[in-house]
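*Asks:* In the working numbering, the protein residues as written are 4 to 95. First, the structure itself, so that you have it in front of you.
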Amino acid sequence: MSLVVFSNARGERWRVWNVSPTALRRSEYLGAEFRGGWLCFESEATGERRRLANAPEDWTALPPARLELLLKAAAPVTRRTAFEPDADAGAP
């Protein structure tokens, strides 16, 4: 796993790292575009996370301005606060 820290144009610091298919758990819950892995962006200030599928292979060498463009294209991650079973799962 590679990790890059960069600041966007507003001076906000973001961490970005790659998530590989071998590190995936519960991949059946992800959209097909994420099953090959993705980049995860996380704001150091707010903890906001975003995912980007189909990232360029040389993303670790990109300048901050290009990483910011990838960040803008990334999908926000919705965090669940508690286990929410499916109504159809037959959970007690």
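C-beta: ideal position from N, C-alpha, C; glycine also.
Please report the straight-line C-alpha distance between Gly50 and Glu15, rounded to a whole angstrom.
*Replies:* For the purposes of this step, residue 50 is taken as the residue at position 47 of the sequence shown. For the purposes of this step, residue 15 is taken as the residue at position 12 of the sequence shown. Cα-Cα distance, rounded: 11 Å.
*Asks:* By DSSP, does Asp91 sit in helix, in strand, or in coil?
*Replies:* Taking the first residue of the sequence shown as 1, we reach residue 91 at position 88. Bear in mind that the predicted position of Asp91 carries a pLDDT of just 44, short of 50, making it unreliable; the figure below should be weighed with that in mind. Three-state result, Asp91: helix.
*Asks:* Pull up the distance between the alpha-carbon of Ala1 and that of Arg54, whole angstroms please.
*Replies:* Within the shown structure, residues of the chain are numbered from 4 to 95, placing residue 1 beyond reach of any answer.
*Asks:* By the three-class DSSP mapping on this structure, what secondary structure does Ala64 have?
*Replies:* Indexing the sequence shown from 1 puts residue 64 at position 61. Helix at Ala64.
*Asks:* Can you look up Glu15 in the DSSP assignment and give me helix, strand or coil?
*Replies:* Reading the sequence shown from its first residue, position 12 is the one you call residue 15. Three-state DSSP puts Glu15 in coil, outside helix and strand.
*Asks:* According to DSSP, simplified to helix, strand and coil, what is Ala58?
*Replies:* As a working mapping, residue 58 is identified with position 55 in the sequence shown. Residue state, collapsed to three classes: coil.
*Asks:* With Thr63 and Ser5 assumed to form a contact (beta carbons below 8 Å), what rounded beta-carbon distance in angstroms separates them?
*Replies:* Locating residue 63 in the sequence shown gives position 60, where the first residue counts as 1. Locating residue 5 in the sequence shown gives position 2, where the first residue counts as 1. Yes, Thr63 and Ser5 are in contact; Cβ-Cβ is about 5 Å, under 8 Å.
*Asks:* For Ala56, which of Arg13, Lys75, Ser46, Ala12 has the nearest alpha-carbon?
*Replies:* If you number the sequence shown from 1, residue 56 lands on position 53. The shortest C-alpha separation from Ala56 is found at Lys75.
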